[in-house]
């Protein structure tokens, strides 16, 4: 005959039910937390990004967010023309699966100095069609100084100094940046000769290619830098 037990006291039932109510809901994943950190770092006018809900378990259905099919990790962020303002949110650089960022036509500041950013400069930077200044000094950037930066026609200041880039040449494409005023590539592990194309930068006032392994000869086209106030080679 099966043993019978008396019903539990009401207090035990109350405690058991209370414990069930305290069980946490499924938490937002790490990519989502990084996105919320990025949002908090910016001034975001309502109703932009109102659906970025910390109670969701994934950010994949949030405005401007696309995820990889195979694992649900964030793959792309597209937030153009939302009147976002502030410095570039470093939290976006902590999303390991991110392949594309579009923050164009906003008011995102360009100063990314001394943030320990690593890896190559992502090619989506070439899509910042209104970017006037890019400073990435004293980070841990790898790869070579990227030629695609020569496509950011609005750039007036480019400073990539003192990053451990892989040995490589000064990209000749930088000579296409006709609006450029300041070009600082000191300590970027540059090798080879100075490209003649830099002589086309007639608006350039400050050129710094020092602390590299560049070799002679200096191209005569450099005399085309008619606005230059300071040149360091």
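Numbering (mature numbering (1 follows the signal peptide of the UniProt record, and there is no 0)), first residue to last: -27 to -1, 1 to 206.
Every residue gets a Cβ at the ideal spot worked out from N, C-alpha and C, and that includes glycine.
None of these values were measured; they are calculated from a predicted model.
Range covered by the beta strand (DSSP E) that runs through residue i
i	result
residue 49	47 to 51
residue 6	Segment 3 to 13 is the alpha helix (DSSP H) holding residue 6; no beta strand (DSSP E) there.
residue 60	58 to 60
Classification of residue i by the beta-carbon crowding that lies within 10 angstroms, buried from 16 upward
i	result
residue 17	buried
residue -7	Since pLDDT at residue -7 reaches only 46, below the 50 mark, its modelled position is unreliable, and the value read off the structure follows with that caveat. Flag for residue -7 reads exposed.
residue 170	buried
residue 126	exposed
residue 116	exposed
residue 202	exposed
residue 193	exposed
residue 11	buried
residue 206	exposed
residue 151	exposed
residue 190	exposed
residue 140	exposed
One or two residues paired with residue i in a DSSP bridge
i	result
residue 205	181
residue 40	47
residue 75	51
residue 164	186
residue 130	106 and 155
residue 175	Paired residue(s): none; residue 175 is not in a bridge.
residue 91	113
residue 80	58
residue 16	58
residue 141	163
Neighbourhood of residue i by C-beta, 8 Å cutoff - its chain only, sequence neighbours within 5 removed
i	result
residue 114	90, 91, 92, 93, 94, 133, 136, 137 and 138
residue 42	none
residue 79	52, 53, 54, 55, 56, 57 and 58
Cβ neighbours of residue i in the same chain (closer than 6 Å, five flanking residues each side left out)
i	result
residue 39	48 and 49
residue 142	165
residue 173	148
residue 81	61
residue 160	134, 135 and 184
residue 51	37 and 75
residue 157	132, 134 and 181
residue 119	94
Cut-off 7 Å between Cβ atoms - residues of its own chain near residue i, not counting five sequence neighbours on either side
i	result
residue 145	168 and 170
residue 200	175, 176, 177 and 178
residue 4	32, 46, 47 and 68
The region 71 to 78 in contact with the region 19 to 32 per 3-pair CB rule at 8 Å = no
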